[in-house]
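Okay, so here's the structure we're looking at.
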Amino acid sequence: MKSNLLICAIESSCDDTSAAVLKGRQVLSNIVADQKVHQKYGGVVPELASRAHQKHIVPVVDQALKEAGVLRSDLDAIAYTKGPGLMGSLLVGASFARGMAISCGIPAIGIHHMRAHILAHFIEDAHPAPPEFPFLCLTVSGGHTQLVQVNAERDMKLIGQTLDDAAGEAFDKAAKMLGLPYPGGPQLDKRASEGDPGSFSFAKPRIDGLDMSFSGLKTSILYFLQKMEREQEDFIATHLNDLCASIQKTIVDILIEKTHKAAEQTGITQIAVAGGVSANSALRQRLTEMSSKKGWQIYIPPLAYCTDNAAMIGICAALDAEAGHPAEDGSVSARSTF
Ligand code: KG4
Ligand code: ZN
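Add 8 to a position in the sequence shown, counting from 1, and you land on the number used in this note's numbering.
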């Protein structure tokens, strides 16, 4: 396949419908439609997500093409997320992408969602210069928490991951217990900036190696809040900011500890971060501190390339084309490894 392709990319793995147009590594448009419908349920409802994708996908793709100033007939390929993700959501994007590819007479390319989060660092305007191989990537979102050693674009080794909840899920569930609206991560972050992170301490799980766990923390926060509310009815309301700061510190401590261990074990000090939780101010601050203390070189792309977006799907197809890999469609799968 020729390089510098004009690619339309589609991402629909969870609750954001996104379409982007890329010319090689350059993003010409990157549109995201989020789904407010889940807010009142306090979490993503899979069946509602796939219905909302069906509603959004045509206008979102249309807007991406218009904003890029590109006609369907100009495109060289359509890339889409093949997994992991919610099955119904993935099928909407994949079916649409394949249908559009057939109608345009161009290939449909299935892309792995987690690989895309990592390779988003290679989008032309993500950084002044992308990380060099090998680097470590901490991918922290509402669905995933992974530490990956990235040796090359197609040589990635999963060296650590959560054994249960994702870090974003821990933020969202803790925020829900505190009565904050969904998704609670950003709300908890905002409140934390007004609180004292040393006010309360929560036990951190002891997990061997580079794996992590957040579900025990969730339970200990719940029991602690129930106990304190029995003693003082308005405990949460009167200590909200301090609770947010203390919970945030505990989650960020776990992420930083494991990233530190990974850097020590591998000797790699280029640390890239991906996923929605990379917006967290305490995580950013701690990474900056580690950069001056340990000499880490930190890569955090603009938020639009951290949260779920189609530009990251497009860059994978663009890099594969650059490297001369054939366009592969592949099968859609809710759980797929690298
Ligand atoms: O990558 P993302 O947009 O979607 C996926 O889950 O794939 O990540 C969303 C997650 C949510 O759990 C949200 O609460 C969390 O990222 N998040 C944050 C912050 N901003 C987003 N968590 C903590 N602090 C933030 N500032
Ligand atoms: Zn994601």
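A virtual CB, placed ideally from N, CA and C, is assigned to each residue, including glycine. All of these numbers come straight from a predicted model, not from anything done at the bench.
Have a look at residue i and residue j and give me their C-alpha separation to the nearest angstrom.
i, j, result
"Q62", "H125", "23 Å"
"Q305", "R343", "32 Å"
"K348", "H152", "The question about residue 348 has no answer here: the residues shown for the chain are numbered 9 through 346."
"G77", "Q195", "37 Å"
"P310", "A128", "10 Å"
"G206", "A253", "8 Å"
"I131", "V35", "7 Å"
"K269", "D242", "40 Å"
"S341", "P54", "15 Å"
"I149", "A60", "Per the sequence shown, the amino acid found at residue 149 is Ser instead of Ile. For S149 and A60, the distance between alpha carbons rounds to 21 Å."
Of the choices the options, whose alpha-carbon is the least far from that of residue i?
i, options, result
"P139", "H46, I279 and H333", "I279"
"K212", "I255, D180, N249 and A270", "I255"
"E75", "Q43, Y49, I86 and S37", "S37"
"A287", "S300, Y313, K266 and E272", "Y313"
"K44", "N317, A319, Y190 and G332", "Y190"
"G303", "Q154, T277, R33 and A282", "T277"
"I259", "D180, I18, G217 and A72", "D180"
"L144", "E239, N317 and V156", "V156"
List the DSSP bridge partners of residue i.
i, result
"D42", "D24"
"L155", "L146 and G168"
"H120", "G91"
"Q278", "Q305"
"A85", "I15"
"A160", "D163"
"K31", "L14 and Q34"
"M220", "T170"
Measuring only from the beta carbon, is residue i closer than 7 Å to any heavy atom that is part of the ligand KG4?
i, result
"P194", "yes"
"N249", "no"
"N115", "Sequence check: residue 115 is Pro here, not Asn. No."
"G284", "yes"
"C252", "no"
At the 8 Å Cβ level, is residue i part of the contact set with chain C, yes or no?
i, result
"Q293", "This model lacks chain C altogether; it includes just one protein chain."
For the ligand ZN, is there any heavy atom lying closer than 7 Å to the beta carbon of residue i?
i, result
"S149", "yes"
"D382", "Absent from the structure is residue 382, since the part of the chain shown begins at 9 and ends at 346."
"H121", "yes"
"H125", "yes"
What distance in whole Å lies between the Cβ atoms of residue j and residue i, which are believed to be in contact at a cut-off of 8 Å?
i, j, result
"V68", "I110", "Contact flag wrong, Cβ pair sits at about 20 Å."
"G192", "K184", "6 Å"
"G113", "Y88", "About 17 Å; that fails the 8 Å criterion."
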